[in-house]
Amino acid sequence: MNIKDLSNRRLEPFDNLDLIKHYFALIGDMDQAAVAEEKFSVDGVMSLWQKDGVLTIRGKETVGEHEYKGADQIAKFYTRRARGVGGEFKVNLSSIDVANSKNRDHITASGVRYMVTRDEAGVQAPFTHNFKLADGKIAALDIHVGKPGETELAPVGALRVEDMGRLSAMAWMVA
């Protein structure tokens, strides 16, 4: 194996990050349309999914557990979300704090969703998205709403990018 092959293989886990960035950009557009009470087509989001994909949303303290199987059920979920909650929110934004590619087809992203109601009440909802990809599309997405340290799927805890850098530096010293 030559060095070029080695470096290309080494970067494979990051190949699909563009898909995840595109997903969150579309979700951001959807949330903005919901706030503005504008129509939003979920076709773009659905083009990122496998036809037989599975979407699971969990959060014991917040949303319970819901599972959507196949393109039709997943599209119905996004269509309901795109409608918003009848103009209830004047701000609905998400921020990704950390993303990790475990391998080429498994990416985890954690962040916070910020919502502000029309009467100025604010809500922060931490979340973790656990993506399983196949053939360049989302095969499964498990969303945990709540503190990421409490999810069994992606226990990233409260680590921030700065913490990751420090941990990485310590690991090199030990190795």
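Just so we're aligned: 174 in the numbering used here is position 174 of the sequence shown, and the numbers increase by one with no gaps anywhere.
Every residue, glycine too, gets a C-beta built ideally from N, C-alpha and C.
Computed from a prediction, not measured in an experiment: that's the story for all the values here.
- For L48, no alpha helix (DSSP H) encloses it, and the DSSP letter there is neither H nor E.
- D97 sits in a strand when the DSSP states are folded into three classes.
- Following the DSSP letters along the chain, one finds D142 inside the beta strand (DSSP E) bounded by residues K137 to V145.
- Inclusion of Q73 and I138 in the CB contact set at 9 angstroms is not warranted, their separation being larger than that value.
- Counting the other Cβ atoms within 10 Å of the Cβ of N16 gives 16 or more, which makes it buried.
- Between K102 and the set H129, F89, V145 and R118, the nearest pair of CA atoms involves H129.
- Taking I27 as the centre and dropping the five residues before and after it, the same chain places the C-beta of V45 and S94 closer than 8 angstroms to its C-beta, in chain order.
- For R81, the enclosing alpha helix (DSSP H) covers residues G70 to R83.
- In summary, H66 is exposed, with fewer than 16 beta-carbon neighbours lying within 10 Å of its beta-carbon over all protein chains present.
- Around the beta carbon of D31, 16 or more other beta carbons sit within 10 angstroms, so the residue counts as buried.
- With contacts defined by Cβ atoms closer than 9 angstroms, V54 and K69 form a contacting pair.
- Excluding five sequence positions before and after L48, the CB atoms of its chain that fall closer than 8 angstroms to its own CB belong to L19, H22, Y23, L26, K137 and I138, given in chain order.
- Nearest C-alpha to K90 among A125, Y114 and T79: Y114.
- Residue environment: G64 is assigned as exposed (fewer than 16 neighbouring CB atoms within 10 Å of its CB, all protein chains considered).
- Distance between D135 and T79, taken at the CA atoms: about 25 angstroms.
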